[in-house]
Amino acid sequence: MKIAKQRLLNHISQKFDPYSIIFNPLTANSGLSPELLQDLDLAELLQASAQLVATRTFDRARKLLSLCNQSASATGTPVQKIVYYFADALQHRIDREMGKMLFTGEEDIEVYSIEMEEFIMDLEPAEFAKRPLYAYRQATKFTGIQAILDCTITAKRVHLIDLAIKSGSHWTTFMQVVADLDKCPLEHLKISAVGRSKRMMEDVGRRLSAFAAETLVNVSFCFKTVVSDLKNLKSDSFDVEADEVVAFYSDTILWTMLAWPNELESMMEVIRSLDPCIMVVIEALANTNLPKFIDSFDESLTHFSAVADCFDVYHKGVAISGGFYIQKIIRNMITYHGEETVPRYGDLKVWRDLFSRFHMVETELSHSSLCQASLLFELPKFRGFCTFELDGKWLVISWKGTPIISASAWTFH
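In this text, residue positions in the sequence shown follow the UniProt record's numbering: the first is 1, and each later residue adds one.
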């Protein structure tokens, strides 16, 4: 994608219209394989289409998108997949700009969030156990869970509140570590899950309860569901008892609130009122809310190209489910760019500025979790692809040099 972008910019700098890129394809003399040549040409067509959409040259943009669709595929190479997703989004944006679509961005976000929750829980139990396969998700999980363990290790009664529990497999890691401790003061563990799919959360609760019964000796376990979206959270929804040490876990869900600052502030005040010892935040990294459409498009394309390439390393089932989720997000971000109530990703600056407004302070991540990430990324399958670094106290994970996700821990002051 980066090579294609540079070629396109060089083409435009010579006073050529983006549409004329179709008359200047790469040739076999470039020394590239036929497959790579096809992907590069496809990437150029997509980005030229975006340039034409940005200047409202819709007729020519449609023609380039038609060419894209001849080679793009949801089941092809990573480039073919990402072109498929973005070409679909650009076509939707053209339809919206020409008055053929009503604004449905917020409703779409609500629908596909529930769809993904239901999809995850419809997986077979064996597949459920395999969910944390991607290296970068393993690293964020280890880091976040270790931060909570460090904060609650001496507590007798612990209340973990999960704002987006998904498969819940990260809490089995928590319980296993607790069970392996020589001396553990923990007497009671409560997990509260927030979400809109009651069925999904109850399924997770049954699995976690069964795991706790097998793993935790002399520790009572309780699982609670809070059927609510984040905008409508209330302090009394969680039944927090006076002697409980509370910790929050937020995994790639706060980004859906960035477009609603008032509701986000209310939610953060609810969290603060429960006096948590720590809040772990895992979020994708990409500033997709830039003023100019083409800048937001480029930022989104860079991010999701890296994610799609990462998914492609893993087995087909993961790639397909990830692609379904990615396509929904891309369609909303591109189609409704400029609308105030469209969820968007943020970069480190966006998140730091946000948390500082709520008087939250970054805390150090444990050395052991960082060592685990380091060992993980040194495995032959991941070496040279997944890397990590600390930005201040944030763990930033990159795929082939592109930051894609971060993990951090926060306290309220």
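All C-beta atoms, glycine included, are put in the ideal place defined by N, C-alpha and C.
Quantities reported herein were computed from a predicted structural model and do not represent experimental measurements.
- With a Cβ-Cβ cutoff of 8 Å, do residue 198 and residue 222 count as a contact? By one-based count along the sequence shown, residue 198 stands at place 198. By one-based count along the sequence shown, residue 222 stands at place 222. Cβ atoms of residue 198 and residue 222: not closer than 8 Å.
- When 394, 410, 411 are compared against residue 404, the one with the closest alpha-carbon: Locating residue 404 in the sequence shown gives position 404, counting from the first residue. Checked all of 394, 410, 411; the closest Cα to residue 404 is 394.
- Query: Can you round the beta-carbon distance between residue 294 and residue 54 to whole angstroms, since I take them to be within the 8 Å contact cut?
  - Reply: If you number the sequence shown from 1, residue 294 lands on position 294. If you number the sequence shown from 1, residue 54 lands on position 54. Right, the Cβ-Cβ distance comes to about 4 Å (below 8 Å), so this counts as a contact.
- Query: Rounded to the nearest angstrom, how far is the Cβ of residue 194 from that of residue 220, given a contact under 8 Å?
  - Reply: Numbered from its first residue, the sequence shown carries residue 194 at position 194. Numbered from its first residue, the sequence shown carries residue 220 at position 220. Not quite, the Cβ-Cβ distance comes to about 22 Å (not below 8 Å), so this is no contact.
- Task: State yes or no: is the C-beta of residue 78 within less than 8 Å of the C-beta of residue 312?
- Result: Taking the first residue of the sequence shown as 1, we reach residue 78 at position 78. Taking the first residue of the sequence shown as 1, we reach residue 312 at position 312. Result yes, Cβ atoms of residue 78 and residue 312 sit closer than 8 Å.
- Query: If you draw a straight line from the C-alpha of residue 444 to the C-alpha of residue 253, how long is it?
  - Reply: This structure gives no information on residue 444, because the portion of the chain shown stretches from 1 to 413.
- Take every Cβ of the segment 273-288, pair it with every Cβ of the segment 254-261, and state whether three or more of those distances are shorter than 8 Å. yes
- Among residues of its own chain, excluding the 5 on either side of residue 407, which ones have a beta-carbon nearer than 6 Å to its beta-carbon? The residue labelled residue 407 in the question sits at position 407 within the sequence shown. The answer, listed in chain order, is 140, 143, 144, 282, 395.
- Going straight from the alpha carbon of residue 241 to that of residue 266, what length do you get? One-based indexing of the sequence shown puts residue 241 at position 241. One-based indexing of the sequence shown puts residue 266 at position 266. Near 22 Å, if we compare the C-alpha coordinates of residue 266 and residue 241.
- Just how far apart, CA to CA, sit residue 9 and residue 163? Taking the first residue of the sequence shown as 1, we reach residue 9 at position 9. Taking the first residue of the sequence shown as 1, we reach residue 163 at position 163. Going by the C-alpha atoms only, they are around 42 Å apart.
- In chain order, what residues of the same chain have a beta carbon less than 7 Å from the beta carbon of residue 386, not counting five sequence neighbours either side? In the sequence shown, the residue the question calls residue 386 occupies position 386. Once the five neighbours on either side are set aside, the close Cβ partners of residue 386 are 135, 136, 377, 397, 399.
- Query: Which stretch, first to last residue, makes up the alpha helix (DSSP H) that contains residue 203?
  - Reply: For this step, residue 203 is matched to residue 203 along the sequence shown. Where residue 203 is concerned, the enclosing alpha helix (DSSP H) stretches over 198-215.
- To the nearest angstrom, report how far apart residue 154 and residue 185 are at their CA atoms. In the sequence shown, counting from the first residue as 1, residue 154 sits at position 154. In the sequence shown, counting from the first residue as 1, residue 185 sits at position 185. So the two alpha carbons sit approximately 6 Å from each other.
- Query: Counting along the chain, where does the alpha helix (DSSP H) carrying residue 371 start and finish?
  - Reply: Residue 371 sits at position 371 when you count from the first residue of the sequence shown. First-last of the alpha helix (DSSP H) with residue 371: 367-377.
- Message: Taking a contact to mean a Cβ-Cβ separation below 8 Å, would you say residue 288 touches residue 344 in this structure?
- Response: By 1-based counting over the sequence shown, the position of residue 288 is 288. By 1-based counting over the sequence shown, the position of residue 344 is 344. Going by C-beta atoms, residue 288 is nearer than 8 Å to residue 344.
- Query: For residue 83, which residues of its own chain have a beta-carbon under 6 Å away from its beta-carbon, when the five flanking residues on both sides are left out?
  - Reply: Here residue 83 refers to the residue found at position 83 when the sequence shown is read from its first residue. Correct list, in chain order: 42, 46, 68, 72.
- Task: Could you tell me the distance, in whole angstroms, from the CA atom of residue 178 to the CA atom of residue 341?
- Result: Indexing the sequence shown from 1 puts residue 178 at position 178. Indexing the sequence shown from 1 puts residue 341 at position 341. In a straight line, the C-alpha of residue 178 is about 42 Å away from that of residue 341.
- Reference residue 200, options 187, 389, 225, 348, closest by Cα: For this step, residue 200 is matched to residue 200 along the sequence shown. Comparing Cα-Cα distances from residue 200 to each of 187, 389, 225, 348, the minimum goes to 225.
- Item | residue 270 versus residue 277: straight-line alpha-carbon distance, rounded | Residue 270 sits at position 270 when you count from the first residue of the sequence shown. Residue 277 sits at position 277 when you count from the first residue of the sequence shown. About 14 Å.
- Residue of 5, 91, 150 minimising C-alpha distance to residue 333: Numbered from 1 along the sequence shown, position 333 holds the residue referred to as residue 333. With distances taken between Cα atoms, residue 333 lies closest to 91.
- Message: Which residue wins for smallest C-alpha separation from residue 331, given the options 57, 205, 89, 37?
- Response: For the purposes of this step, residue 331 is taken as the residue at position 331 of the sequence shown. The candidate whose alpha carbon is nearest that of residue 331 is 89.
- Item | Assigned exposure category for residue 146 - 16 Cβ within 10 Å defines buried | Counting from one through the sequence shown, the residue named residue 146 turns up at place 146. Residue 146 should be labelled buried.
- Item | Buried versus exposed, by CB contacts within 10 Å (16 or more), residue 56 | In the sequence shown, the residue the question calls residue 56 occupies position 56. Label assigned to residue 56: exposed.
- Item | For residue 46, the first and last residue of its enclosing alpha helix (DSSP H) | Here residue 46 refers to the residue found at position 46 of the sequence shown. That run of the alpha helix (DSSP H) goes 34-54.
- Item | Buried/exposed call for residue 166, threshold 16 Cβ in 10 Å | The sequence position of residue 166 within the sequence shown is 166, counting from 1. Result: buried.
- Message: So, for residue 415: in the same chain, excluding its five sequence neighbours on each side, which residues have a beta-carbon less than 7 Å away from its beta-carbon?
- Response: As shown, the chain starts at 1 and ends at 413. That puts residue 415 outside it, with no answer to give.
- May I ask which residues mark the beginning and end of the alpha helix (DSSP H) holding residue 351? For the purposes of this step, residue 351 is taken as residue 351 along the sequence shown, with counting starting at 1. 348-357 is the span of the alpha helix (DSSP H), which, as asked, contains residue 351.
- Task: Identify, in the order they occur along the chain, each residue of the same chain with its Cβ nearer than 8 Å to the Cβ of residue 39, setting aside the five sequence neighbours on each side.
- Result: Here residue 39 is taken as the residue at index 39 of the sequence shown, counted from 1. Contacts found: 77, 79, 80.
- If you drop the 5 nearest sequence neighbours on each side, which residues of the same chain put their C-beta closer than 6 Å to that of residue 372? Locating residue 372 in the sequence shown gives position 372, counting from the first residue. So the list reads 142, once near-sequence residues are dropped.
- Item | Nearest-angstrom Cα separation, counted from residue 70 out to residue 7 | Your numbering for residue 7 matches position 7 in the sequence shown. Your numbering for residue 70 matches position 70 in the sequence shown. Distance between the alpha carbons of residue 7 and residue 70: 21 Å.
- Assign residue 341 to one of three DSSP states: helix, strand, or coil. Here residue 341 is taken as the residue at index 341 of the sequence shown, counted from 1. It is coil, neither helix nor strand.
- Query: Applying the criterion that 16 or more other CB atoms from any shown protein chain within 10 Å of the CB defines a buried residue, is residue 105 buried or exposed?
  - Reply: Position 105 of the sequence shown, counted from the first residue, corresponds to residue 105. With a pLDDT of 49 at residue 105, under the threshold of 50, the modelled position of that residue is not reliable, and the figure given next carries that caveat. Flag for residue 105 reads buried.
- Task: May I ask you to report which of helix, strand or coil DSSP gives residue 261?
- Result: Looking up residue 261 in the sequence shown gives position 261. If DSSP states are grouped into helix, strand and coil, residue 261 belongs with the helices.
- Measure from the alpha carbon of residue 236 to the alpha carbon of each residue in 157, 263, 171, 274, then state which is nearest. The count along the sequence shown starts at 1 and reaches residue 236 at position 236. Checked all of 157, 263, 171, 274; the closest Cα to residue 236 is 274.
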